[in-house]
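Working notes, beginning with the structure itself.
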Amino acid sequence: MSDAPLLELRQVSKRYVMGDNILDALKDVNLKIAHNEYVAFIGPSGSGKSTLMNIVGCLDRPTGGEYILNGTPVAQLDDNALAHIRNREIGFIFQNFNLLGRANALHNVMQPLIYRGIALGERRRLASQALQNVGLGERLHHLPNQLSGGQRQRVAIARALVGKPSILLADEPTGNLDSSTSKDVMAMFDTLYRDGHTIIVVTHDPNIAEHCQRVIHIMDGRIVSDKLNGKRREARAGV
Amino acid sequence: MYNLAESLRSALQAIRAHKLRSFLTTLGIIIAVAAVIAVVSLIQGFSHSVTNTFANLGSNVLTISSNETDEDFFSGKIVKVTPADLQAIQHEVTGISHISPRLILARFGSGAVLSGSQTAYAGIYGITSRYEGNASFYPVMGRLISPSDDLGHRRVVVIGQTLITDLNLPKDAVGEYLQMYGQWFKVVGVLKKLGNIGGQDQDDRVYIPYGTAHSLLGAATVPDIEIQVTVNNPGQVPAVTGRITQVLRRMHHIKPGQEDDFVVQTPEQTLGTFNQVLNAITLIFGGIVGISLLVGGIGIMNIMLVSVTERTQEIGILKSLGARRRDILLQFLIEAVILSLLGGVLGLILGFGVGSLIAHAIPEFLGAYVPWWAVLLAFGFAATVGVVFGIAPAAKAAALDPIEALRHEA
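Line by line, the protein sequences are chains A and B. Residue numbers for the first sequence follow the numbering used here, beginning at 77 and rising by one. Residue numbers for the second sequence follow the numbering used here, beginning at 511 and rising by one.
Below you can see the structure in the form of structure tokens.
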């Protein structure tokens with residue numbers, strides 16, 4: 077693991093102008109996240125945590141400041157370059173799973189590999205391996221509507237992981253799940269963290285943030301606190 | 511590198527997911543292509559049958575006839591090809607094996623032919639024994655005009671088979687008497703049936719000796735005739751045509767720079783003119799029907815736009831997974847093109863079916879004929895329509911903002 081941070085935000089701001097209204101969704105955010113960190117962005121809705129996630133996930137560009145991801149400045153890249161980076165560096169996991177409804181589990185997981193130009197046979201092999209890793213080896217050919225909520229989220233996790241991204245970016249990953257399924261999914265994240273993945277979880281739920289090693293509170297577009305989670309730190313030190 | 515096969519698979523999947531809608535979307539294209547193919551197959555089938563008929567005429571037979579120019583019309587000059595012209599050609603032009611006049615007394619169905627109380631209207635022509643007509647010009651009963659018929663100005667007639675039905679003549683009409691121009695003519699021969707070319711009956715004609723025809727006009731009148739010339743060697747046709755033109759220009763006192771008042775035509779030229787007309791008709795019909803392709807294209811664009819809106823979230827997901835603008839563009843474009851090509855295939859089958867049905871309903875037709883260029887054209891058109899009308903929805907999809915698209919509720 078190198079000393080350079082995996083990602084670094086310098087004075088990042090995001091301003092929306094709608095007619096005469098100016099909304100500063102992010103104000104001068106400075107943030108470094110290293111390899112194999114397990115971070116929660118926590119804050120109420122409207123705090124700017126989603127905007128921050130979109131910028132970190134290269135879905136959006138900041139209106140000011142710099143963003144360096146894996147040594148590359150990405151703040152002002154064009155749409156295609158951002159798409160390329162999302163494909164290589166970011167694995168998204170969404171609250172509502174965001175699976176492709178017409179495609180079965182296997183094809184959902186294969187989809188990001190298409191944009192890498194990986195050949196069909198290899199795509200199939202990697203995708204079924206990823207689904208096996210999340211315990212869905214028996215359900216490769218099920219359509220999303222034939223799967224339970226927890227299974228759908230596991231397909232989404234397999235899809236996020238299949239391209240071996242630098243960052244797993246989970247937006248309210250348990251928001252649509254019941255409490256026992258939520259526990260399973262968070263346990264899966266914990267395992268992924270121990271296996272060396274870098275995970276960012278966006279949530280408003282302190283119980284979810286509890287799982288993370290580092291908790292960043294966001295309020296009114298600013299980082300108001302950035303603390304290491306004591307319990308987690310011990311747990312990690314014990315590994 | 512984007513995977514074309516993958517976007518094809520995904521497009522087919524999207525089309526299969528909405529079978530009825532996809533079918534209705536492409537119905538405009540189906541109908542348009544079917545109409546193009548039906549019209550083209552009928553016109554081309556017609557052209558085919560005419561071409562086959564013309565093939566019976568030798569390519570070394572020239573027909574010379576008068577052709578009034580605008581100048582002649584306004585100056586009131588009477589334009590004729592005369593027996594004197596025939597003699598001049600006979601004496602001065604070499605390389606000719608046959609030359610014969612045809613005196614047109616009545617064109618097409620304009621001459622009255624009577625038998626008992628029955629009247630038929632036919633084309634009446636005066637010919638010599640040397641007249642060759644076309645390869646199918648021979649009698650199935652009796653004989654043709656003989657040299658002595660011509661010399662003796664005999665009142666004999668060779669008839670086409672339509673006359674037998676129109677005048678209620680016995681099947682073997684040889685020996686019957688017909689009345690034309692107040693004179694009685696004895697039937698000496700019945701011609702082989704030629705059938706119909708372009709809705710024009712080829713068998714409602716009667717042939718009498720040239721001399722007889724001339725005397726009917728009045729011996730003092732100089733008739734306007736057609737001259738049929740058979741050239742020894744088909745390779746000599748251009749040279750012979752040139753010499754005939756020279757001779758006739760001199761005979762008709764045409765000054766240099768003035769237009770000919772006659773035409774020298776080969777059957778190929780006649781066929782060429784005919785085909786030009788047919789091709790023009792094909793183009794006009796094709797053009798009119800082509801407008802319906804445009805309408806079909808608009809239908810596709812409409813549904814594709816709806817589809818893009820419906821699938822906004824899917825597009826957002828694909829973008830979050832790393833799809834670039836052109837990946838999305840290509841996927842929707844391929845979907846539009848596949849839809850219109852499917853319409854093209856179905857339309858082709860339907861159009862050929864309709865064309866064949868119509869061809870069956872018309873007895874004289876050889877059958878519908880779809881030339882390869884029409885198939886290519888139909889597919890090319892369908893694909894072009896798909897690209898042209900698919901590009902706007904596809905561009906709309908490609909330009910969607912990933913965050914907005916992800917937030918979109920289906």
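Don't be surprised by glycine CBs; every beta carbon is placed ideally from N, CA and C.
Assigned secondary structure, B/L673 (DSSP; H/G/I helix, E/B strand, else coil) | helix
Own chain, CB closer than 7 Å to B/N785, minus 5 neighbours either side, in chain order | S557
Hey, could you find the ends of the alpha helix (DSSP H) A/K125 is sitting in?
-> Its alpha helix (DSSP H) spans residues K125 to V132.
Which chain B residues sit within Cβ distance under 9 Å of A/H160?
-> G832 and R834
Within its chain, find whatever has a CB closer than 7 Å to the CB of B/I791; leave out the 5 residues flanking it on each side and keep chain order.
-> I553
Which of the residues in the segment 167 to 192 of chain A, read from start to end, lie with their CB under 8 Å from any CB of chain B?
-> F168, F170, N174, L175, L176, G177, R178, A179, Q187, P188, I190, Y191 and R192
Consider the Cβ of B/L514: report whether some Cβ of chain A lies at a distance smaller than 7 Å.
-> no
8 Å contact criterion, which A/F117 and A/V278 should meet: CB distance rounded | 5 Å
How would you call A/D271, buried or exposed, if buried means at least 16 neighbouring beta carbons within 10 angstroms?
-> exposed
Could you name the residues of the segment 120 to 133 of chain A whose beta carbon sits closer than 8 Å to any beta carbon of chain B, in the order they occur along the chain?
-> N130 and G133
Can you tell me the Cα-Cα spacing of A/G211 and B/V895, whole angstroms?
-> Rounded to whole angstroms, A/G211 and B/V895 show a C-alpha spacing of 47 Å.
7 Å Cβ shell around B/T722 - same chain, five flanking residues per side excluded | G636, H663, R664 and R665
For the alpha helix (DSSP H) that contains B/P912, what are its first and last residues?
-> P912 to R917
Determine the extent of the beta strand (DSSP E) in which B/Y687 is found, giving its start and end residues.
-> Note, B/Y687: beta strand (DSSP E), Y687 to M690.
Give the DSSP-derived three-state secondary structure of B/F889 in the structure shown.
-> Note: B/F889 maps to helix in three-state DSSP.
Applying a beta-carbon distance threshold of less than 7 Å, which residues of chain B neighbour A/L135?
-> Near A/L135 (Cβ distances below 7 Å), the residues of chain B are S830, P912 and I913.
In this structure, does DSSP put B/D711 in helix, strand or coil?
-> strand
With 16 as the cutoff for other CB atoms within 10 Å, does B/D580 come out buried or exposed?
-> exposed
When you compare each of A/G213, A/A232 and A/V88 to A/P220 by their alpha carbons, which one comes out closest?
-> A/A232
Counterpart residues of B/Y635 in DSSP-defined beta bridges = B/I614 and B/Y717.
Who does A/L83 pair with in a DSSP beta bridge?
-> A/L83 is bridged to A/I109 and A/L145.
Give the C-beta separation of B/A893 and B/L849 to the nearest angstrom, bearing in mind that I take them to be a contact with Cβ-Cβ under 8 Å.
-> Actually they do not touch by this definition, with Cβ atoms about 11 Å apart.
Shorter than 7 Å from the beta carbon of B/A527 to some beta carbon of chain A?
-> At a cut-off of 7 Å, the C-beta of B/A527 has a neighbouring C-beta in chain A.
Distance, Cα to Cα, B/K681 vs B/G670?
-> 12 Å
Below 8 Å, can you find three or more Cβ-Cβ pairs linking the segment 81 to 100 of chain A to the segment 247 to 258 of chain A?
-> no
Span of the beta strand (DSSP E), counted from its first residue to its last, around A/F117 = Y114 to I118
Which value, in whole angstroms, describes the spacing of the CA atoms of B/Q522 and B/E845?
-> First, the amino acid is wrong: residue 522 of chain B is Leu here, not Gln. B/L522 and B/E845: Cα-Cα distance of roughly 7 Å.
Chain-ordered chain A contacts of B/I827 [CB-CB under 7 Å] = N174 and L176
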